[in-house]
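Report on the structure given below.
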Amino acid sequence: MTCCALIVCFANAGCGASDAAKAVPDISHEELVAAIKAKQVVLLDANGSESYKKGHLPGAIDYTAGKADLKSALPADKQALVVAYCGGPQCGAYKEAAEAASALGYANVKHYSGGLKGWTAQGAELEKQ
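Position 31 (the sequence shown) corresponds to 31 in this note's numbering; numbering is contiguous.
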């Protein structure tokens with residue numbers, strides 16, 4: 001019986017493996033700062049356009065305003081680092097932006113879980129529009 005259950009589970013792509021595959025790895029504050037300084041990251045702000053205007057991470061793209069044309073906003077290199085973020089650790093809005101980048105074939109998509117709160121708590125400045 002156990003053997004049959006294992007076979008069914010391995011045959012079924014939805015046996016928990018898909019949830020793990022969808023997990024977006026986190027990027028630390030230090031790693032993100034280094035990537036921004038080196039201009040080796042595309043940031044997707046998933047906080048909404050009003051929040052974006054009030055303040056966003058340096059160089060970030062307003063995902064809400066640009067999601068219809070996200071493909072043209074992202075680099076041609078599908079290995080480029082793409083980081084999605086939102087308000088802070090409890091915010092899940094980043095998932096849509098991360099999934100959209102992944103769906104376009106980007107393989108190096110990460111999540112900055114600190115979000116705006118974590119960024120400013122580290123003493124870093126926001127850009128304003």
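For every residue, glycine included, the Cβ atom is placed at its ideal position computed from N, Cα and C.
Report all residues from its chain with a CB closer than 6 angstroms to the CB of residue i; omit the five preceding and five following residues, and keep chain order.
i	result
TYR52	ASP45, ASP62
LYS110	PRO25, ILE27, VAL83
Considering only the alpha carbon of each residue, which of the options lies closest to residue i?
i	options	result
VAL85	LYS117, GLY105, ALA35, ALA73	Here the sequence assigns Tyr to residue 85, which means Val is not the residue at that position. Minimum Cα distance to TYR85 is reached at LYS117.
PRO25	ALA121, SER102, TRP119	SER102
Near residue i, what residues of its chain come up, given a Cβ to Cβ distance below 8 angstroms and the 5 sequence neighbours on each side ignored?
i	result
LYS71	LEU104
Counting only the same chain and skipping the five closest in sequence on each side, list residues whose C-beta sits under 7 angstroms from that of residue i.
i	result
ALA93	ALA46, ASN47, CYS86
PRO58	ILE36, GLU127
LYS78	GLY105, TYR106, ALA107
LYS54	LYS128
SER113	ASP26, PRO89
GLN40	LEU81
With a 10 Å radius around its C-beta and 16 neighbouring C-beta atoms as the bar for buried, classify residue i as buried or exposed.
i	result
GLY115	buried
ALA23	exposed
ALA97	buried
ALA34	exposed
**Message:** Quick check on the DSSP output: what are the complete beta strand (DSSP E) runs of length 3 or more inside the region 86 to 126, in order along the chain?
**Reply:** Complete beta strand (DSSP E) runs here, min 3: 108 to 111.
**Asked** What are the uninterrupted segments assigned as beta strand (DSSP E) that are 3 or more residues long and contained completely in the region 23 to 98, given in chain order?
**Response** 42 to 45, 81 to 85
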